[in-house]
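Novice: The structure is given below, and queries will be raised subsequently.
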Amino acid sequence: MQRGAKVSANRTLTLARRMFEYAVDQTLIEENPVVLTRKGAGGKEKSKTTNLSFDGIEEMLKVIDGADSDMSWQTRAAIKLVLATAKRPGEVATVEWAHVNLDKGEWINPRHLTKEKRDDHMVFLNKYAVNMLREVHKVTGRAKHVFQSPRHEDRCVDRHSLSRAILRLHKAGILKSKFTPHDFRRTFSSRMADMGQMPHVVEKILDHQMEGVMAVYNLASYLPERKAAMDVWGKQLDLLSKC
């Protein structure tokens, strides 16, 4: 078995199980054909389970906007955009205004800047993200980078500054949960499943290459479905930020 294949098998099984569970709920099929498949059938995988509940997201949003937070506005906004888009922190930290269209609510992440380096990736910006970025644009709209470094005008913020800022809040006892911005991607996947979103649409939003029985979904972009799902996510974040 090729290196990493066991981990891929486990993740494919998880996605397949969720897909068939949805089909059963929608009365498209009578039973889940993989329900009896042994968990971990692909082999032991290092546990990566950190994700925030809706209550955890609400706490995080309140804390980073609170008076006790010492993070810069750039870091605060970048963290929120990671949460709003489920993009990788490094991709958010380096995003350029040339790739963002706020009127259309779109961010086209160029292939050479993505981890997978397959194709340009369309990121749909929900109203929560657009409203935040419009405020950022008032400050850095003439700069190259959305999150311009406060120290160097020709650079973006350091992507590691996002995780360092959250860690400081946790160590100070201000933020109860311990997590990193990258955990927002797992959070997004889990909470979207809670809200009944289709797993292959979520995987497309995350820019994952699906394997096994899910590989058939690699052939389509599912742009309308992705946009609708991101709108659902944005409305949820808006509600949580106002609680």
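Numbering-wise, the sequence shown is residues 1413 to 1655 according to our numbering.
Every residue gets a Cβ at the ideal spot worked out from N, C-alpha and C, and that includes glycine.
Quick caveat: nothing in here was measured; it's all calculated off a predicted structure.
1) Within 10 angstroms of its Cβ, does Gln-1560 collect 16 or more other Cβ (buried), or is it exposed?
2) Buried or exposed, going by whether 16 or more other CB atoms sit within 10 Å of the CB of Gly-1553?
3) Return the CA-CA distance between Asp-1515 and Phe-1596, expressed in angstroms with no decimal places.
4) Where do the N-terminal and C-terminal ends of the beta strand (DSSP E) with Phe-1536 fall, by residue?
5) Ignore the nearest five residues each way along the sequence and tell me which others in Val-1613's own chain have a CB closer than 7 Å to its CB.
6) Pairs of beta-carbons, one from the stretch 1492 to 1499 and one from the stretch 1584 to 1592, closer than 8 Å: are there three or more?
7) Do you know whose CA, among Pro-1562, Ala-1541, Glu-1470, lies nearest Trp-1485's CA?
8) What residue from Ile-1617, Met-1607, Leu-1631 has the CA that sits closest to Ile-1520's CA?
9) Alpha carbon to alpha carbon, how far is Ile-1469 from Leu-1375? Give it in angstroms, no decimals.
10) List the endpoints of the continuous alpha helix (DSSP H) containing Ile-1617.
11) Identify, in the order they occur along the chain, each residue of the same chain with its Cβ nearer than 6 Å to the Cβ of Glu-1615, setting aside the five sequence neighbours on each side.
12) Where do the ends of the beta strand (DSSP E) carrying Asn-1521 lie?
13) If you reduce the DSSP assignment to three classes, tell me which class Glu-1503 lands in.
14) Pick helix, strand or coil for His-1564, following the three-state DSSP scheme.
15) Let me know if Leu-1631 comes out buried or exposed under the rule of 16 or more other beta-carbons within 10 Å of its beta-carbon.
16) Which same chain residues, not among the five before or five after Met-1483, have their C-beta less than 7 Å away from its C-beta?
17) Decide if Lys-1456 is buried, meaning its Cβ has at least 16 other Cβ atoms within 10 Å, or exposed.
18) Is it true that the CB of His-1557 sits closer than 8 Å to the CB of Glu-1508?
Specialist: The structure says:
1) Position 148 of the sequence shown, counted from the start, is the residue given in the question as residue 1560. Buried, since its Cβ has 16 or more Cβ neighbours within 10 Å.
2) Indexing the sequence shown from 1 puts residue 1553 at position 141. Gly-1553 comes out exposed.
3) The residue you call residue 1515 lines up with position 103 of the sequence shown. The residue you call residue 1596 lines up with position 184 of the sequence shown. If I take the Cα positions, the gap works out to 25 Å.
4) Here residue 1536 corresponds to residue number 124 of the sequence shown, with the count starting at 1. Segment 1533 to 1536, the beta strand (DSSP E) holding Phe-1536.
5) Here residue 1613 is taken as the residue at index 201 of the sequence shown, counted from 1. Cβ within range, chain order: Tyr-1634, Glu-1637, Arg-1638, Ala-1641.
6) Judged by pairs of C-beta atoms under 8 Å, the stretch 1492 to 1499 does not touch the stretch 1584 to 1592, as fewer than three such pairs exist.
7) Counting from one through the sequence shown, the residue named residue 1485 turns up at place 73. Comparing Cα-Cα distances from Trp-1485 to each of Pro-1562, Ala-1541, Glu-1470, the minimum goes to Pro-1562.
8) In the sequence shown, residue 1520 corresponds to position 108, counting from 1. Looking at the Cα atoms, Ile-1617 is the closest of the given residues.
9) No answer is possible for residue 1375: it lies beyond the span of the chain, which begins at 1413 and ends at 1655.
10) Numbered from its first residue, the sequence shown carries residue 1617 at position 205. Taken as a continuous stretch (DSSP letters only), the alpha helix (DSSP H) holding Ile-1617 covers 1611 to 1617.
11) Residue numbering aside, residue 1615 sits at position 203 when the sequence shown is read from its first letter. So the qualifying residues of the chain are Met-1622.
12) By 1-based counting over the sequence shown, the position of residue 1521 is 109. Per DSSP, the unbroken beta strand (DSSP E) holding Asn-1521 starts and ends at 1518 to 1521.
13) For the purposes of this step, residue 1503 is identified with residue 91 of the sequence shown, where counting begins at 1. Three-state DSSP puts Glu-1503 in a helix.
14) Mapped onto the sequence shown, residue 1564 falls at position 152. Annotated three-state conformation of His-1564 is coil, per DSSP.
15) In the sequence shown, counting from the first residue as 1, residue 1631 sits at position 219. When all chains shown are included, Leu-1631 counts as exposed.
16) Translated into the one-based positions of the sequence shown, residue 1483 becomes position 71. Short of 7 Å from the beta carbon of Met-1483, and not among the five residues preceding or following it, lie these beta carbons of its own chain, in chain order: Ile-1476, Ala-1577.
17) Sequence index remark: in the sequence shown, residue 1456 carries index 44 (1-based). Note that Lys-1456 scores a pLDDT of 47, beneath 50, so its modelled location is shaky; the value from the coordinates is reported in the next line. Lys-1456 comes out exposed.
18) Counted from its first residue, the sequence shown places residue 1508 at position 96. Counted from its first residue, the sequence shown places residue 1557 at position 145. It is a contact, given that the beta carbons lie within the stated cut-off.
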